[in-house]
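> Our numbering puts the first residue of the sequence shown at 2, with every later residue one more than the last. Ideal placement from N, C-alpha and C gives every residue a C-beta, glycine not left out. The model shown is predicted, which means the values in this text are computed figures rather than measured ones. Following this message is one structure expressed as structure tokens.
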Amino acid sequence: VTIDTTIATPVIPNHTTATDSGSSDSDGITSDTTPDFDIVCLEAGSIVTLVIDGSDNAIGTCTNAGDTVTLTSNAVLAEGTYLVTSKERDLAGNESPVSPTVAVVIDTSTVVAVTSPTNGNPIVGTGEKDAIVIATTPSGATCTTTVLADGTWSCTFSPEATDGETATANATDIAGNTATGTGTVSLSAQSAPDMTAATDTGTLDSDDITSDTTPDITTQCTQNGATITVYVDEISAGTATCSSDTDTPVITLAPALTEGVHSITFTENPEGTESAPSPALSVTIDSTVATPSIGPDMTDATDSGSSQADNITSDVTPDFSLVCTEAGSTLTLYIDGTANATAICTAATDTPIVTVNANLAEGDYVVTVKEVDVAGNETNASPNTNIIIDTTAVVTLTDPTSGNPSSGTADVNAVVVVTTPSGATCTDTADTSGNWSCTLAPEAVEAELATVTATDSAGNVATATATVELCTVAAYGLATYGGASYNENCIDEALYDDALYDEALYAE
């Protein structure tokens, strides 16, 4: 009888070189999804088990102690990292602890891309970290590099590639996977320059229309140490040195640009050979704008009252017609110097209408307009437009007497109309002191109610009433009105001489 109660710990499994594909056959990185592992036997007749990520995977039998059993993963492994161990069970049934762990990476694909368009030197692109990239062209230009940790790569063709040909990049990652990318070689700079948003003034910071006569221009490098030169209308206007292959130097143009449209390009000079100019950027310099020569005009529809051109209105949010001088500019209406409403000019001949955006109280106001063009230039204020907001009218009527003028007060220039039920009427306009007077015709009837209606210049209406009193010679004879109270409105020296008027008889 043999008593056997122990078994040793197995050694670490060994990923076979035949299935450890790629640039190294000992790095545990492979494109083989069913890799093989060598396991060393501890005892004759024992059973060894391959364990992947803690799960039993494949088994084998040991003929002799010290034998090497090769086990193949019995399942296709997806891309990823796995922890591989082994264990052994002897003839007595003792099971060993698991062996030390070996990490295996399954990597079945790779990627590579060429930045397009490709500048002749260097060629740049992206790929999988540590992959080997070989770039070639039909003309025989070639270069080799390794993808950096950030997934980018670059290398310089030798000899220089030919403009317009196709560059091909072949990448092989450390697992042995391959990929191909292509791009068209261009010996000009990669893209057009761009004006910075900070110096692209005005309505938009991306329209390349500015009032800044020395704007900043962003360029693009493709090779560390190269010299970038910016040209304005083919004349050098500034330089910068590339601090990396992907640097984007900003260059302030000098001298100051004149008003108008300019063509901006740049070149790159990496090793004493200047590239062809980049695509052009069209820049418009606009540093002036004309002050509006016409003030805001209140519209006829909101200039209420007797005149549609006097700027006196009862409308507390009147409309104003404005005049544009430049397409794309912004007009701002000012009330007593405070910005109130805005409009956009779609053409230089536009006449947009804006509405005052808050109710105006009764009173006098000064209305102006300013214009800001697309380059950000702001005009001075236009000539003043003086307006009056008038929302109420007033009128008074003294007690009218038949045969004598009716009179009262009203707003200056108000049109006054007096009427009675019997058909008597008269009209007048209040003078500069606000007084009015008119004689009813035909003569009014005693005791009927006279109504006066006043319409002021803003169109506001007011009314007042009074009772008509009759005044005739017969009516005021001594016999009839002895001792009665006398209405002094009826005293007319032409009709009633001093003899008839006796203060003792006709007390006021």
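If we call anything under 8 Å between Cβ atoms a contact, is Ile229 one with Thr247?
As a first step, residue 229 must be located in the sequence shown, where it is residue number 228. As a first step, residue 247 must be located in the sequence shown, where it is residue number 246. Not closer than 8 Å, so no.
> Considering Ala193, what are the terminal residues of the beta strand (DSSP E) in which it resides?
Along the sequence shown, read from residue 1 onward, the residue named residue 193 stands at position 192. Per DSSP, Ala193 belongs to no beta strand (DSSP E) and is neither H nor E.
> Got a sec, what are the start and stop residues for the beta strand (DSSP E) Lys371 sits in?
One-based indexing of the sequence shown puts residue 371 at position 370. Start and end: Gly364 to Val373.
> Residues bridged to Cys439 by DSSP?
As a working mapping, residue 439 is identified with position 438 in the sequence shown. DSSP lists Ser407 as partners of Cys439.
> Identify which residue in Thr333, Ser434 and Thr86 has its Cα closest to the Cα of Val324.
Counting from 1 along the sequence shown, the entry for residue 324 is found at position 323. Closest by alpha carbon: Thr333.
> Would a C-beta distance cut-off of 8 Å place Ala136 and Ala114 closer than the cut-off?
For the purposes of this step, residue 136 is taken as residue 135 along the sequence shown, with counting starting at 1. For the purposes of this step, residue 114 is taken as residue 113 along the sequence shown, with counting starting at 1. It is not a contact, given that the beta carbons lie outside the stated cut-off.
> Report yes if the CB atom of Asp208 is closer than 8 Å to the CB atom of Asp201, and no otherwise.
Counting from one through the sequence shown, the residue named residue 208 turns up at place 207. Counting from one through the sequence shown, the residue named residue 201 turns up at place 200. Yes.
> Could you tell me the distance, in whole angstroms, from the CA atom of Val417 to the CA atom of Ile345?
The count along the sequence shown starts at 1 and reaches residue 417 at position 416. The count along the sequence shown starts at 1 and reaches residue 345 at position 344. Spanning the two alpha carbons is a distance of roughly 44 Å.
> Assuming Ala59 contacts Thr73 (C-beta within less than 8 Å), just tell me the rounded distance between them.
In the sequence shown, the residue the question calls residue 59 occupies position 58. In the sequence shown, the residue the question calls residue 73 occupies position 72. Yes, they are in contact, since the Cβ atoms of Ala59 and Thr73 sit about 6 Å apart, within 8 Å.
> Do the CB positions of Ala176 and Ser32 come within less than 8 Å of each other?
Position 175 of the sequence shown holds residue 176. Position 31 of the sequence shown holds residue 32. Yes, the Cβ-Cβ distance between Ala176 and Ser32 is below 8 Å.
> Hey, quick one: how far does the beta strand (DSSP E) through Asn341 stretch, first residue to last?
Against the sequence shown, residue 341 aligns to sequence position 340. Unbroken beta strand (DSSP E) run through Asn341: Thr339 to Ile345.
> Secondary structure at Lys88, three-state DSSP: helix, strand or coil?
Counted from its first residue, the sequence shown places residue 88 at position 87. Lys88: strand per DSSP, three-state reduction.
> Do Pro160 and Gly182 come within 8 Å of each other at the CB atom, strictly closer than that value?
Numbered from 1 along the sequence shown, position 181 holds the residue referred to as residue 182. Numbered from 1 along the sequence shown, position 159 holds the residue referred to as residue 160. No, the pair does not count as a contact, with Cβ atoms beyond the cut-off.
> With respect to the beta strand (DSSP E) encompassing Thr102, which residues constitute its N-terminal and C-terminal limits?
Reading the sequence shown from its first residue, position 101 is the one you call residue 102. Here Thr102 belongs to no beta strand (DSSP E), and DSSP marks it neither H nor E.
> Quick check on the burial criterion: 16 or more other C-beta atoms within 10 angstroms. Buried or exposed for Ala268?
On the sequence shown, residue 268 is found 267 positions in, with the first residue counted as 1. It is worth fixing the name first, because residue 268 is Thr in this sequence and not Ala. With 16 or more Cβ atoms within 10 Å of its Cβ, Thr268 is classed as buried.
> At the level of alpha carbons, what is the spacing between Asn65 and Ala79?
Residue numbering aside, residue 65 sits at position 64 when the sequence shown is read from its first letter. Residue numbering aside, residue 79 sits at position 78 when the sequence shown is read from its first letter. Using only the alpha carbons, I get a separation of about 34 Å.
> Give a yes or no on whether the C-beta atoms belonging to Ala451 and Ala459 are separated by under 8 Å.
As a working note, residue 451 is residue 450 in the sequence shown. As a working note, residue 459 is residue 458 in the sequence shown. Cβ atoms of Ala451 and Ala459: not closer than 8 Å.
> Could you pull out every residue in the same chain whose Cβ sits closer than 7 Å to the Cβ of Thr468, ignoring the five residues on either side in sequence?
By one-based count along the sequence shown, residue 468 stands at place 467. Same-chain partners within the cutoff: Asp400, Ala448 and Leu450.
> Can you tell which of Thr300, Val317 and Thr318 has the C-alpha that lies nearest to the C-alpha of Asp311?
Counting from one through the sequence shown, the residue named residue 311 turns up at place 310. Nearest C-alpha to Asp311: Thr300.
> Give the secondary structure of Ala485 by DSSP, where H, G and I count as helix, E and B as strand, and everything else as coil.
By 1-based counting over the sequence shown, the position of residue 485 is 484. Confidence is the limiting factor: at Ala485 the pLDDT is only 40, short of 50, which leaves the residue's position unreliable, though a coordinate-based value still follows. Ala485: coil per DSSP, three-state reduction.
> Is Ala455 closer than 8 Å to Ala425 when the C-beta atoms are compared?
Here residue 425 refers to the residue found at position 424 when the sequence shown is read from its first residue. Here residue 455 refers to the residue found at position 454 when the sequence shown is read from its first residue. Not a contact, by the Cβ cut-off of 8 Å.
> Thr347 to Ala291, Cα distance in whole Å?
Taking the sequence shown and counting its residues from 1, the one referred to as residue 347 is at position 346. Taking the sequence shown and counting its residues from 1, the one referred to as residue 291 is at position 290. Spanning the two alpha carbons is a distance of roughly 17 Å.
> Using the three-state DSSP reduction, which class does Ile4 fall into: helix, strand or coil?
Within the sequence shown, residue 4 is the residue found at index 3, counting from 1. In this structure, Ile4 counts as coil in the three-state DSSP scheme.
> Between Val112, Glu96, Ala193 and Pro384, which has its C-alpha nearest Ala180's C-alpha?
Walking along the sequence shown from the start, residue 180 turns up at place 179. Nearest C-alpha to Ala180: Val112.
> Pairing CB atoms from the region 353–371 with CB atoms from the region 420–436, are three or more of them under 8 Å?
Because the criterion of three Cβ pairs below 8 Å is not met, the region 353–371 and the region 420–436 do not touch.
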